[in-house]
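Asker:
Protein chains in written order, with the numbering used here: chain A, 366 to 772; chain B, 691 to 747.
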């Protein structure tokens, strides 16, 4: 691609802030990283407001990241929160890029400080202004959702490309909606959309096409940025681990002070307990990747990341389940109780089989975390009665990345 | 660990070199002919990154 194209823009739609409380470090780090990457424009959604307007504005000012949103205003004074658009001269083309955020969602801690204008009204005004300023291509970073984005470009003329975000399902190929090429989804930084616009002699859209690609191991890396990210992740993981321990200690003290020293009536027992009666099944499980799931998190320095832990341990944050890394020896890894249910409820297990279905696996093997998941291919690898022949598991993108990074 | 930001950076750093070379050419000759495909504009996009800097493992 680098040898084929000279006119390239990089944009992020927004929705890049973490979804958990207490993860502000990842938020500012991503703003730094995008600035370093030279991103041309970045949209804003309600997610970027989850740590408060002041947090976003402080980091906007600090990083000078080109945030854009044409319909988000401070309630007092009706001042736009961030730039409404940017205009970029890219080779022979003048491109206007603007963002829109959804006007029906809760803005969290900023709900009293901000107002969101009707997206179509803001779009018409902004497109008109961009055209008047000489833009021949107009790009919309939409955090409206799939249907809302499609409706908007149908109703508002003059938008040449729309990147659809906010819980948009991944579609590997985009499509033309009237005169607008649309790009769909591919979230959590695992995908990149590529929209190619063919230009007329007067630098306007002739045709457009879009594809979305997974960022697999074949995509190269820059050593200095790798070092930067790795250093951040290591420190962040240590910080999270410390916070987690402090929180667990406080909860334990509260429990004891409250007079309760008993464990929850129903709780997880761990595979070592199950093997007393199910030795053959336990031995087979020990040969599976599930039995090493915790170690993959430790290796990746993600063993304190709440977003990751749930699918690598037993009963994360549930009563009687894994609470902190101290529980790893007993409840680390994907064990018997992840699939079959809580050990103390053993007597209530249904007798008929099979009880494990695709839905059981898809709690963790989602399209984002496990895009190659196919129950028919994966199931034989976890069956306690191992089939004579098994299809090979597809290579895990995440695992490949980890292994690749170690080289 | 290969980070997502790293991957995007790697892709773009190559593109940036091309862009810089194109810009340098444009300054010298002031013609769009130095753009490799002057009739194409490419937009690379990410969306809803949700705080992820790399996969879980």
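Glycine included, C-beta positions come from ideal geometry on N, C-alpha and C. Fair warning: this is a prediction, and the values are worked out from it, not measured in the lab.
For a cutoff of 8 Å on Cβ pairs, would you count residue 669 of chain A as touching chain B?
Answerer: No, no contact with chain B.
Asker: Alpha carbon to alpha carbon, how far is residue 689 of chain A from residue 528 of chain A?
Answerer: Going by the C-alpha atoms only, they are around 39 Å apart.
Asker: Just the Cα atoms here: how many angstroms apart are residue 585 of chain A and residue 591 of chain A?
Answerer: Taking the straight line joining both Cα atoms gives about 11 Å.
Asker: Would you kindly work out how many angstroms separate the C-alpha atoms of residue 752 of chain A and residue 745 of chain A, rounded to a whole number?
Answerer: So the alpha carbons of these two residues sit roughly 7 Å apart.
Asker: Tell me which residues share the same chain as residue 569 of chain A and place their Cβ nearer than 6 Å to its Cβ, disregarding the 5 neighbours each side in the sequence.
Answerer: Around residue 569 of chain A: 501.
Asker: Check the C-beta distance from residue 733 of chain A over to residue 553 of chain A and give it rounded, since I have them as a contact under 8 Å.
Answerer: At roughly 5 Å, the Cβ-Cβ gap stays under 8 Å, so residue 733 of chain A and residue 553 of chain A are in contact.
Asker: Give me the subset of the stretch 552 to 565 of chain A whose CB atoms are less than 9 Å from a CB atom of chain B, sorted by chain position.
Answerer: Per Cβ criterion, the list reads 552, 553, 554, 555, 556, 557, 558, 559, 560, 561, 562, 563, 564 and 565.
Asker: Just to confirm the assignment, what range does the beta strand (DSSP E) spanning residue 559 of chain A have?
Answerer: Counting along the chain, the beta strand (DSSP E) containing residue 559 of chain A begins and ends at 556 to 564.
Asker: Identify the continuous beta strand (DSSP E) that holds residue 502 of chain A and give its terminal residues.
Answerer: First-last of the beta strand (DSSP E) with residue 502 of chain A: 502 to 508.
Asker: When you compare the CB of residue 458 of chain A with every CB in chain B, is at least one pair closer than 8 Å?
Answerer: Yes, its Cβ sits closer than 8 Å to a Cβ of chain B.
Asker: Mind checking which residues open and close the beta strand (DSSP E) that includes residue 674 of chain A?
Answerer: Looking at the DSSP string, residue 674 of chain A is not in any beta strand (DSSP E); the run it does join, the alpha helix (DSSP H), is 671 to 674.
Asker: In angstroms, rounded to a whole number, what distance separates the CA positions of residue 478 of chain A and residue 471 of chain A?
Answerer: In a straight line, the C-alpha of residue 478 of chain A is about 12 Å away from that of residue 471 of chain A.
Asker: Looking at C-alpha atoms only, which residue of A/504, A/511, A/380 and A/508 is the closest neighbour of residue 545 of chain A?
Answerer: Of the listed residues, the one whose Cα sits closest to residue 545 of chain A is A/504.
Asker: Measure the CB-CB distance between residue 532 of chain A and residue 484 of chain A and report whether it falls below 8 Å.
Answerer: Contact: no.
Asker: Can residue 432 of chain A and residue 447 of chain A be called in contact, C-beta distance under 8 Å?
Answerer: In contact: residue 432 of chain A and residue 447 of chain A (Cβ atoms closer than 8 Å).
Asker: Fully enclosed by the stretch 512 to 555 of chain A, which beta strand (DSSP E) runs are 3 residues long or longer?
Answerer: Listed in chain order, the complete beta strand (DSSP E) runs (minimum 3 residues) inside the stretch 512 to 555 of chain A are 526 to 529, 540 to 542 and 545 to 549.
Asker: For residue 358 of chain A, which residues in the same chain have their Cβ closer than 6 Å to its Cβ, ignoring the five residues on either side in sequence?
Answerer: The question about residue 358 of chain A has no answer, for chain A in this structure spans 366 to 772.
Asker: In angstroms, rounded to a whole number, what distance separates the CA positions of residue 719 of chain B and residue 580 of chain A?
Answerer: Confidence in residue 719 of chain B is poor, its pLDDT being 35 and thus under 50, which makes the residue's placement unreliable; the coordinate value appears in the next sentence. Taking the straight line from one Cα to the other gives about 37 Å.
Asker: Any C-beta of chain B sitting closer than 8 Å to the C-beta of residue 384 of chain A?
Answerer: So, interface residue.
Asker: Touch check for the stretch 597 to 613 of chain A and the stretch 664 to 673 of chain A: three-plus C-beta pairs under 8 Å?
Answerer: The stretch 597 to 613 of chain A, when compared against the stretch 664 to 673 of chain A, does touch it at the 8 Å Cβ threshold.
Asker: Give the straight-line distance between the Cα atoms of residue 654 of chain A and residue 393 of chain A, rounded to the nearest whole angstrom.
Answerer: Roughly 34 Å between the two C-alpha positions.
Asker: Going along the stretch 426 to 442 of chain A in order, which residues come within less than 7 Å of chain B, judged by CB to CB distance?
Answerer: Cβ contacts with chain B come from no residue of the stretch 426 to 442 of chain A.
Asker: By alpha-carbon positions, which one of A/623, A/657 and A/434 ends up nearest to residue 636 of chain A?
Answerer: Answer by Cα proximity: A/657.
Asker: Could you check how far apart the C-beta atoms of residue 408 of chain A and residue 464 of chain A are, in whole angstroms? I think they sit under 8 Å.
Answerer: About 4 Å separates the two Cβ atoms, so the contact holds.
Asker: Reducing DSSP to helix, strand and coil, say where residue 575 of chain A ends up.
Answerer: Residue 575 of chain A falls in the strand class under three-state DSSP.
Asker: Grab me the residues of residue 666 of chain A's own chain with a C-beta within less than 7 Å of its C-beta, minus the 5 sequence neighbours each way, in chain order.
Answerer: For residue 666 of chain A, where only same-chain residues beyond five positions count, the Cβ hits under 7 Å are 598, 599 and 602.
Asker: For the alpha helix (DSSP H) that residue 661 of chain A lies in, which residues bound it at each end?
Answerer: 658 to 664 is the extent of the alpha helix (DSSP H) around residue 661 of chain A.
Asker: Under a Cβ-count criterion, where at least 16 other Cβ atoms within 10 Å of its own Cβ denotes burial, should residue 741 of chain A be classed as buried or exposed?
Answerer: Exposed, since its Cβ has fewer than 16 Cβ neighbours within 10 Å.
Asker: Between A/377, A/692, A/572 and A/567, which has its C-alpha nearest residue 609 of chain A's C-alpha?
Answerer: When only C-alpha atoms are compared, the closest one is A/692.
Asker: So for residue 377 of chain A, helix, strand or coil by DSSP?
Answerer: Of the three classes helix, strand and coil, the one that applies to residue 377 of chain A here is strand, per DSSP.
Asker: Applying the criterion that 16 or more other CB atoms from any shown protein chain within 10 Å of the CB defines a buried residue, is residue 714 of chain A buried or exposed?
Answerer: So residue 714 of chain A ends up on the exposed side.
Asker: Residue 378 of chain A versus chain B: which residues are under 8 Å apart at the beta carbon?
Answerer: Chain B residues near residue 378 of chain A: 735, 736, 737 and 738.
Asker: Decide if residue 395 of chain A is buried, meaning its Cβ has at least 16 other Cβ atoms within 10 Å, or exposed.
Answerer: Under this definition residue 395 of chain A is a buried residue.
Asker: Is it true that the stretch 695 to 715 of chain A meets the stretch 420 to 434 of chain A, where meeting means three or more beta-carbon pairs spaced less than 8 Å apart?
Answerer: Touching, no, given that fewer than three Cβ pairs across the two stretches are closer than 8 Å.
Asker: Using DSSP bridges, identify the partner residues of residue 452 of chain A.
Answerer: In the DSSP output, where bridge partners are listed per residue, residue 452 of chain A has A/461.
Asker: Starting from residue 531 of chain A, find everything on chain B with Cβ-Cβ shorter than 9 Å and list it in chain order.
Answerer: Within 9 Å Cβ-Cβ: 737 and 738.
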